[in-house]
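From first to last, the protein sequence lines are chains W and R.
The opening residue of the first sequence carries number 842 in our numbering; numbering runs sequentially from there.
The opening residue of the second sequence carries number -8 in our numbering; numbering runs sequentially from there.
Where is the CB? At the ideal position from N, CA and C, for every residue including glycine.
Note that the structure is predicted; figures quoted are calculated from it, not measured.
First comes the structure, then the notes that go with it.
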Amino acid sequence: MNHLSAAVDWLLDAQTWTGPGQLGARATEHLGYTAVAVLIAAVIALPAGLAIGHTGRGRAAAVLSSGAVRALPTLGLLTLAALAAGVGLVAPLIALVVLAVPSILAGAYAGVESVDRATVDAARAQGMNAWQVLWRVEVPLGLPIVIGGLRLAVLQVTATATLAAYVGAGGLGRPLFLGLRTYDYPMMLGASLVVILLAILLDACFEVVQRLLSYAPGLARTGRLREAR
Amino acid sequence: MANAGHILGLTGAHLQLSLPAIAAAFLLSLPLARLANRLRPARALILGGTGLLYAVPSLPLFIVLPVLIGTGVRDTLNVIVALTLFGLALMVRSAADALDAVDEDTRLAATALGHSSRGRFWTVELPLAGPALLAGLRVVSVSTISLVSVSAVLGVQSLGSLFTDGFQRGIVAAVAAGIAMTVLLALLLDLLLVLLGRLLMPWSRR
């Protein structure tokens, strides 16, 4: 428990947090990586996932890709990208996007598919065209699952962004690896606690959003898309 | 080809870390899931706790865990316990759902036939929940195999060592081989679980 109190001391020290390259800046970097990676992945995966869910085409490929990425070791992906793209920010971002795409894709098509076929048929019978069916019926009804996919992606990317420091990027992994290399256990423990806290906090935000959405009229009350990291 | 022995050794180390964790997660998830289904107050605690665990990133847990259980960061046991916790985060929920999905009428019929609560669990509920449990176990197995490699950055030997060594020495082939072997191992274990499921649950074959 000595290490723990030393880690807490380290965390409570103002010097740990302020100034460039310190914990405050690292946390901002970490959140920045996560946001950029999830955003890029969402731009790719959301339209594709909605299209797959709506048309039913390409579903087998989507299922296969999300299964394959689950088996893919994140550290291997990261180091491979780093060897290909060089040390810096590009490699981790590529790896993070590759990790985030399948979860978002799966959430998007599962969300659209979860909508009762009778409801979709009824919407068509009312004279809605394909766009209207997608935007007014399938997306609103499937929204909790679509957001569940985003939630899972954020979770995976936050966790893997810690490893980005291993290939020369910043983020909260920096102090963690610095502590690891210099046998500074309080520093690496303190940094780990911050990462864990950040991940749980982000996940809790999604929980709140999903709860709030379940009160909105016309939205289904289903929750979280669960899959492996 | 000269590296084949090295890679094989690392594969063995990889299995030594992942197999106990997968087995422990599966075995521990059953009593936890049963408890969660039988006692409503326990349900919120168990499912909430594993849900929270699910959000914890792997590398930080490898580092925080030694403070809680008194192991060293590079100990095999530390890695196995951490992987077991991640396995539980996935498995407890699917086990609880699987056991909960057993038809209530079937349960009542079993009780009417004179099964005790424990006997009913082993002879009726567990076999009926089997296929869903297997589905959960397959997810745990694949994710554990891929998660083990993260521990390589701490200096623990596994197929992940191919990533750290390959990265530091700039050998793309080593990293690629590590990825290929990890995916292959995950697929093989998955296949083994499916076969085991067919063997143990011949009734579930369609």
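What is the DSSP secondary structure of residue 1063(W), counted as helix, strand or coil? Numbered from its first residue, the first sequence carries residue 1063(W) at position 222. Residue confidence is low: residue 1063(W) scores 49 on pLDDT, short of 50, so the model does not pin down where it sits. No coordinate-derived value is stated.
For a quick check, are the C-beta atoms of residue 867(W) and residue 1011(W) less than 8 Å apart? Taking the first sequence and counting its residues from 1, one reaches residue 867(W) at position 26. Taking the first sequence and counting its residues from 1, one reaches residue 1011(W) at position 170. It is a contact, given that the beta carbons lie within the stated cut-off.
Quick one: using the 10 Å Cβ neighbour count with 16 as the cut-off for buried, is residue -6(R) buried or exposed? Stepping through the second sequence from its first residue, residue -6(R) is reached at position 3. Counting Cβ neighbours within 10 Å, residue -6(R) comes out exposed, since fewer than 16 surround it.
For the region 96 to 110 of chain R and the region 36 to 50 of chain R, state whether three or more C-beta atom pairs, one from each stretch, are separated by less than 8 Å. No, the region 96 to 110 of chain R does not touch the region 36 to 50 of chain R.
Residue 174(R) CB to nearest chain W CB: under 8 Å? For the purposes of this step, residue 174(R) is taken as the residue at position 183 of the second sequence. It does: the Cβ of residue 174(R) has a partner Cβ on chain W nearer than 8 Å.
Hey, quick one: how far does the alpha helix (DSSP H) through residue 960(W) stretch, first residue to last? Counted from its first residue, the first sequence places residue 960(W) at position 119. Counting along the chain, the alpha helix (DSSP H) containing residue 960(W) begins and ends at 958 to 966.
Start-to-end residues for the alpha helix (DSSP H) that takes in residue 1026(W): For this step, residue 1026(W) is matched to residue 185 along the first sequence. Taken as a continuous stretch (DSSP letters only), the alpha helix (DSSP H) holding residue 1026(W) covers 1026 to 1056.
Taking Cβ-Cβ distances shorter than 8 Å, what residues in chain R pair up with residue 1027(W)? As a working mapping, residue 1027(W) is identified with position 186 in the first sequence. Neighbours of residue 1027(W) on chain R: none; closest Cβ ~10 Å, over 8 Å.
Does any residue of chain R bring its CB to less than 8 Å from the CB of residue 1063(W)? Translated into the one-based positions of the first sequence, residue 1063(W) becomes position 222. Residue confidence is low: residue 1063(W) scores 49 on pLDDT, short of 50, so the model does not pin down where it sits. No coordinate-derived value is stated.
In the structure shown, what three-state DSSP assignment does residue 172(R) receive? Counting from 1 along the second sequence, the entry for residue 172(R) is found at position 181. Three-state result, residue 172(R): helix.
If you count every other CB in all the chains shown that lies within 10 Å of the CB of residue 1057(W), and 16 or more means buried, which is it? The count along the first sequence starts at 1 and reaches residue 1057(W) at position 216. So residue 1057(W) ends up on the exposed side.
Simplified DSSP assignment, three categories, for residue 133(R): Position 142 of the second sequence, counted from the first residue, corresponds to residue 133(R). Helix at residue 133(R).
Helix, strand or coil: which one does DSSP assign to residue -6(R)? As a working mapping, residue -6(R) is identified with position 3 in the second sequence. It is coil, neither helix nor strand.
Just tell me which of 879(W), 1003(W), 975(W) has its CA closest to the CA of residue 958(W). Locating residue 958(W) in the first sequence gives position 117, counting from the first residue. Closest option to residue 958(W), Cα to Cα, is 975(W).
Just to confirm my understanding: we take residue 86(R), look at its own chain, exclude 5 residues before and 5 after, and list those with CB closer than 7 Å. What are they? The residue labelled residue 86(R) in the question sits at position 95 within the second sequence. Once the five neighbours on either side are set aside, the close Cβ partners of residue 86(R) are 20, 21, 24, 124, 127.
Rounding to the nearest angstrom, what Cα-Cα distance links residue -4(R) and residue 2(R) in this structure? Locating residue -4(R) in the second sequence gives position 5, counting from the first residue. Locating residue 2(R) in the second sequence gives position 11, counting from the first residue. When rounded, the distance between both Cα atoms is 10 Å.
Taking one C-beta from the region 43 to 62 of chain R and one from the region 156 to 171 of chain R each time, how about it: are there three or more such pairs within less than 8 Å? no
For residue 858(W) and residue 192(R), I'd like the C-alpha separation in whole angstroms. Along the first sequence, read from residue 1 onward, the residue named residue 858(W) stands at position 17. Along the second sequence, read from residue 1 onward, the residue named residue 192(R) stands at position 201. In this structure, the alpha-carbon of residue 858(W) lies about 56 Å from that of residue 192(R).
Whole-angstrom distance between residue 899(W) and residue 97(R), CA atom to CA atom: Along the second sequence, read from residue 1 onward, the residue named residue 97(R) stands at position 106. Along the first sequence, read from residue 1 onward, the residue named residue 899(W) stands at position 58. Their Cα atoms are separated by approximately 39 Å.
In chain order, what residues of the same chain have a beta carbon less than 6 Å from the beta carbon of residue 870(W), not counting five sequence neighbours either side? In the first sequence, residue 870(W) corresponds to position 29, counting from 1. Contacts found: 1011, 1012.
Contact under 8 Å by Cβ, residue 952(W) with residue 987(W): In the first sequence, the residue the question calls residue 952(W) occupies position 111. In the first sequence, the residue the question calls residue 987(W) occupies position 146. Cβ atoms of residue 952(W) and residue 987(W): closer than 8 Å.
Along chain R, which residues have their Cβ under 7 Å away from the Cβ of residue 844(W)? Position 3 of the first sequence, counting from 1, holds the residue named residue 844(W). Those within 7 Å of residue 844(W) in chain R are 58.
Compare the beta carbon distance of residue 874(W) and residue 937(W) with 8 Å and say whether it is the shorter of the two. Position 33 of the first sequence, counted from the start, is the residue given in the question as residue 874(W). Position 96 of the first sequence, counted from the start, is the residue given in the question as residue 937(W). Yes, the pair counts as a contact, with Cβ atoms nearer than the cut-off.
Rounding to the nearest angstrom, what Cα-Cα distance links residue 75(R) and residue 95(R) in this structure? Residue mapping note: residue 75(R) aligns to position 84 of the second sequence, counting from 1. Residue mapping note: residue 95(R) aligns to position 104 of the second sequence, counting from 1. Computed Cα separation, rounded: 31 Å.
Tell me, please, whether the CB atom of residue 990(W) is closer than 8 Å to any CB atom in chain R? In the first sequence, residue 990(W) corresponds to position 149, counting from 1. Cβ-Cβ to chain R under 8 Å: no for residue 990(W).
Which whole-angstrom value describes the C-beta separation of residue 1016(W) and residue 864(W), a residue pair presumed to lie in contact below a C-beta threshold of 8 Å? Position 175 of the first sequence, counted from the first residue, corresponds to residue 1016(W). Position 23 of the first sequence, counted from the first residue, corresponds to residue 864(W). Right, the Cβ-Cβ distance comes to about 6 Å (below 8 Å), so this counts as a contact.
Go ahead and label residue 966(W) buried or exposed: buried means 16 or more other beta carbons lie within 10 angstroms of its beta carbon, across all protein chains shown. Within the first sequence, the letter at position 125 stands for residue 966(W). By the 10 Å Cβ count, residue 966(W) comes out exposed.
Interface residues of chain C facing residue 178(R) [CB-CB closer than 9 Å]: In the structure shown, chain C does not exist; the protein chains are W and R.
In chain order, which beta strand (DSSP E) runs of at least 3 residues are fully inside the region 843 to 873 of chain W? none
Hey, does residue 1012(W) have any beta-carbon neighbour from chain R nearer than 8 Å? Position 171 of the first sequence holds residue 1012(W). For residue 1012(W), the answer is no, since every Cβ of chain R falls outside 8 Å of its Cβ.
What are the start and end residues of the alpha helix (DSSP H) that includes residue 82(R)? Sequence index remark: in the second sequence, residue 82(R) carries index 91 (1-based). Per DSSP, residue 82(R) belongs to the alpha helix (DSSP H) from 67 to 91.
Would you mind telling me which residues of chain W sit closer than 7 Å to residue 21(R), beta carbon to beta carbon, in chain order? Start at 1 with the first residue of the second sequence, and residue 21(R) comes out as number 30. Correct list: empty, because the minimum Cβ distance to chain W is about 18 Å.
Pull up the distance between the alpha-carbon of residue 167(R) and that of residue 183(R), whole angstroms please. Counted from its first residue, the second sequence places residue 167(R) at position 176. Counted from its first residue, the second sequence places residue 183(R) at position 192. Spanning the two alpha carbons is a distance of roughly 24 Å.
Residues of chain W with CB under 7 Å from residue 143(R), in chain order? The sequence position of residue 143(R) within the second sequence is 152, counting from 1. Here the neighbours are 916.
At a cut of 8 Å, does the region 66 to 81 of chain R reach the region 111 to 119 of chain R through at least three beta carbon pairs? no
Taking the alpha helix (DSSP H) that residue 915(W) belongs to, which residues open and close that run? Numbered from its first residue, the first sequence carries residue 915(W) at position 74. Element bounds for residue 915(W): 915 to 926.
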